[in-house]
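Residue 149 in my numbering sits at position 102 of the sequence shown, with consecutive numbering throughout.
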Amino acid sequence: MLEEVVKSSKSLPSRTKILIFGGGYSGQHIAKVARALGAKVLCSRRNIKNIGADFEFDSENKALISETIFDDVTHIISCIPPNKLGQDPVIYRFGKILKKIPLKWVGYLSTTGVYGDYKGEWVNENSITCPTQERSIRRLSCEREWQSLNLPLQILRLPGIYGPGRSALEAIKKNKNTMVHKPGQVFSRIHIDDIAGSIIHLINLFSDGITPKIINIADDNPANNVEVLTYAANLLKIPLPRIESFEIATKNMSPIARSFWQENRKVSNTTLCNILGYNLIHSDYKSGLNDCFKSFS
Ligand SMILES: NC(=O)c1ccc[n+]([C@@H]2O[C@H](COP(=O)([O-])OP(=O)(O)OC[C@H]3O[C@@H](n4cnc5c(N)ncnc54)[C@H](OP(=O)(O)O)[C@@H]3O)[C@@H](O)[C@H]2O)c1
Numbered sequence: 048m049l050e051e052v053v054k055s056s057k058s059l060p061s062r063t064k065i066l067i068f069g070g071g072y073s074g075q076h077i078a079k080v081a082r083a084l085g086a087k088v089l090c091s092r093r094n095i096k097n098i099g100a101d102f103e104f105d106s107e108n109k110a111l112i113s114e115t116i117f118d119d120v121t122h123i124i125s126c127i128p129p130n131k132l133g134q135d136p137v138i139y140r141f142g143k144i145l146k147k148i149p150l151k152w153v154g155y156l157s158t159t160g161v162y163g164d165y166k167g168e169w170v171n172e173n174s175i176t177c178p179t180q181e182r183s184i185r186r187l188s189c190e191r192e193w194q195s196l197n198l199p200l201q202i203l204r205l206p207g208i209y210g211p212g213r214s215a216l217e218a219i220k221k222n223k224n225t226m227v228h229k230p231g232q233v234f235s236r237i238h239i240d241d242i243a244g245s246i247i248h249l250i251n252l253f254s255d256g257i258t259p260k261i262i263n264i265a266d267d268n269p270a271n272n273v274e275v276l277t278y279a280a281n282l283l284k285i286p287l288p289r290i291e292s293f294e295i296a297t298k299n300m301s302p303i304a305r306s307f308w309q310e311n312r313k314v315s316n317t318t319l320c321n322i323l324g325y326n327l328i329h330s331d332y333k334s335g336l337n338d339c340f341k342s343f344s
């Protein structure tokens with residue numbers, strides 16, 4: 048819940064102006080929290096008519112964008128995925144300007160897919176990146192593009208993002224019949240409150256000179272699909288869907304859905320929580336889903 052993140056966060060210095068490229072699901076939540084903490088925030092969306100769009104940016108469309116959006120900007124957050132060629136859309140269009148302005152902090156939202164398959168073992172920021180999916184190979188290439196600009200950058204690697212309106216509650220409402228089970232398979236997750244909360248925490252630490260370059264943002268409890276969906280079904284007070292084995296379910300899965308089951312890893316948040324001292328608002332899917340349930344319709 049927005050109020051909870053704001054309550055547990057330090058306010059941002061006056062004159063903080065944040066540009067968020069890609070004000071989608073996470074971007075909008077980060078924007079709301081940062082505004083409540085005193086920052087001026089501008090968000091891009093691909094269509095200015097979309098909710099929460101302060102300016103329009105679509106890398107596929109060459110429309111002119113006024114450079115005045117960069118006036119007095121202190122912080123940049125990019126939530127835009129790589130384009131089909133593996134280029135970063137923000138750097139491609141604005142790289143030259145970004146290098147010229149005196150930025151205090153830049154956050155790039157990446158994915159833990161860059162680690163690849165660890166056969167259910169833990170990964171941390173020092174683990175070798177060995178992406179197997181095309182989209183994760185492109186993502187790693189974008190991380191490197193951002194690193195090459197020599198900005199005050201932090202790369203934030205995220206596992207499955209969930210929160211109100213996008214959680215196991217919606218998933219089970221859409222498919223009441225089956226839950227896919229693959230023995231030994233776990234997924235790490237992060238609730239959007241903790242994406243926003245940890246970003247504010249990292250921005251404040253960065254201004255105090257604590258500047259790690261890559262941080263995993265994940266909760267404490269990687270868990271399997273059936274466990275999470277069972278909890279969601281119980282919250283909704285609906286009968287438990289039938290368990291279907293992965294071998295059977297995979298035959299009807301889209302290639303993208305199947306690809307998520309091809310890698311297995313647990314994402315460690317030791318850097319974020321133990322070394323950098325961030326206190327998770329939702330340390331596991333139970334706390335996160337209880338929060339989603341409050342506004343579920
Ligand atoms: N969803 C997950 O579970 C997950 C997990 C790990 C990492 N990530 C990554 O973390 C970031 C934030 O995730 P999210 O789920 O909050 O993303 P999201 O809701 O899909 O938002 C993505 C944003 O990028 C914008 N965008 C996409 N393609 C663009 C383009 N070609 N040009 C300009 N803008 C473009 C979208 O514009 P519109 O607002 O107009 O749609 C949207 O604002 C993304 O990079 C995502 O890939 C996601």
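Backbone N, C-alpha and C define an ideal beta-carbon position, used for all residues, glycine too. This one's a predicted model, so the numbers in the text were calculated from it and none came from an experiment.
How many angstroms separate the CA atom of residue i from the CA atom of residue j?
| i | j | result |
| --- | --- | --- |
| N108 | E274 | 43 Å |
| F102 | Y209 | 25 Å |
| I62 | A110 | Strictly speaking, residue 62 in this sequence is Arg, with Ile absent from that position. In a straight line, the C-alpha of R62 is about 29 Å away from that of A110. |
| K284 | L216 | 11 Å |
| I148 | K64 | 13 Å |
| C90 | I295 | 43 Å |
For residue i versus residue j, is the C-beta distance shorter than 9 Å?
| i | j | result |
| --- | --- | --- |
| L145 | I123 | yes |
| S292 | V233 | no |
| I303 | H76 | no |
| N337 | P288 | no |
| G85 | A78 | no |
| G167 | S125 | no |
| Y165 | N268 | no |
| T121 | L150 | yes |
| I247 | S56 | yes |
Going by beta carbon distance, what residues of the same chain come within less than 7 Å of residue i, once the five residues before and after it are set aside?
| i | result |
| --- | --- |
| R213 | Y72 |
| N271 | Q232 and V233 |
Provide the residue span of the beta strand (DSSP E) that contains residue i, from first to last.
| i | result |
| --- | --- |
| L202 | The sequence shown places Ile at residue 202, not Leu. Where I202 is concerned, the enclosing beta strand (DSSP E) stretches over L200 to L205. |
| L124 | Note on residue identity: the sequence assigns Ile, not Leu, to residue 124. H122 to S125 is the span of the beta strand (DSSP E), which, as asked, contains I124. |
Can you list, in chain order, the residues of its chain whose CB lies under 8 Å from that of residue i, leaving out five sequence neighbours each side?
| i | result |
| --- | --- |
| I262 | E172, Q201, I202, L203, R204, S245, L249, T318, L319 and L323 |
| R186 | P128, P129, S157, T158, G160, V161 and P178 |
Enumerate in chain order the residues of its own chain whose CB-to-CB distance from residue i is below 6 Å, with the five nearest sequence positions on each side excluded.
| i | result |
| --- | --- |
| S58 | L84 and G85 |
| A265 | P206, S235, I237, V314 and N316 |
| C189 | P129 and D135 |
| V88 | I65, A78, A81 and R82 |
In the DSSP assignment, the alpha helix (DSSP H) including residue i goes from what residue to what residue?
| i | result |
| --- | --- |
| R305 | P302 to F307 |
Secondary structure, beta strand (DSSP E): runs of 3+ residues fully inside the segment 56-115
64-68 and 87-92
Can you list the beta strand (DSSP E) stretches of 3 or more residues lying completely in the segment 207-291, in chain order?
207-209, 225-228, 236-238 and 261-263
At 3 residues or longer, and completely inside the segment 143-187: list those beta strand (DSSP E) runs for me, N to C.
152-158
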